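> Per the numbering used here, the very first residue in the sequence shown carries number 783; after that it's consecutive.
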Amino acid sequence: MIVGIVCVDENWGIGKGNDLLFKLKRDMEFFKRETSGKVVFCGYRTLLSFPGSKPLKGRSTICLCPEEVESDDCFCIHDFEQAVKLAREIAKTKNVYVIGGGMLYNSMLPYYDEVLVTKVNADGEAEVFFPNLDENPDFEGKPIGGPVQDGDYIIQFYTYKRK
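Take a look at the structure:
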């Protein structure tokens, strides 16, 4: 399966200034639990936003990179269609998690089997947005558990499955 995993504000905002809108411990724990030992797929600016601009530990990484970029620590793919082809091939045997950024999240919308969404009950004044799946007739959302306190915010985990 190809699975998106994202944290959104109340307007489906995901980022500002090439950074996350919120630093949420419980959301990060959820992200780590879901993606550890798995394959993640990200854009190049997302890769650069990680500590040391290196792939996240304990995960295999597919990165959509500019032509001039090569890396020994991840699969640097220069063409979107080739990256999707690789992700779909891997997804036949294990989940591939799309982890950002905004352009990749949006471009992958036709390929998601499922999207795991952490909704934050706040406006993060975002500059980058995820497609509003509540308004997308191809997806059906269901809460995972109930709302929880995460620092100064109330968050709610959801799974959106393609119908």
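Glycine is no exception: its CB is placed at the ideal position from the N, C-alpha and C atoms.
Just so you know, these numbers come straight off a predicted model, no measurement behind them.
Using 8 angstroms for Cβ pairs, my map puts G906 next to G795. What's the rounded Cβ distance?
5 angstroms
> Is the segment 864-877 in contact with the segment 906-916, if contact means three or more CB pairs nearer than 8 angstroms?
no
> Restricting to runs no shorter than 3 residues, where is the beta strand (DSSP E) found entirely within the segment 841-922?
842-846, 857-859, 878-882, 896-902
> Given that a residue counts as buried once 16 or more other Cβ atoms are within 10 Å of its Cβ, and exposed if not, what is I926?
exposed
> Go to F823, then tell me how far its beta strand (DSSP E) extends in each direction, as first and last residue.
821-825
> Here's the rule I'm using: 16 or more other beta-carbon atoms within 10 Å means buried, otherwise exposed. How should K814 be labelled?
exposed
> Kindly give me the distance between the Cβ atoms of Y894 and I784, rounded to whole angstroms, as I take these residues to be in contact under 8 angstroms.
6 angstroms
> So for P833, helix, strand or coil by DSSP?
helix
> Closest by CA to Y826, which one among C789, D920, I881, G819?
Closest by C-alpha distance to Y826, out of C789, D920, I881, G819, is I881.
> Tell me whether the beta-carbon of K798 lies closer than 8 angstroms to the beta-carbon of A908.
yes
> So, does the segment 803-813 touch the segment 925-944, judging by three or more C-beta pairs under 8 angstroms?
yes
> Determine the direct distance from the alpha carbon of E896 to that of K945, and round the result to whole angstroms.
10 angstroms
> Following the continuous alpha helix (DSSP H) through K807, name the residue where it begins and the one where it ends.
807-817
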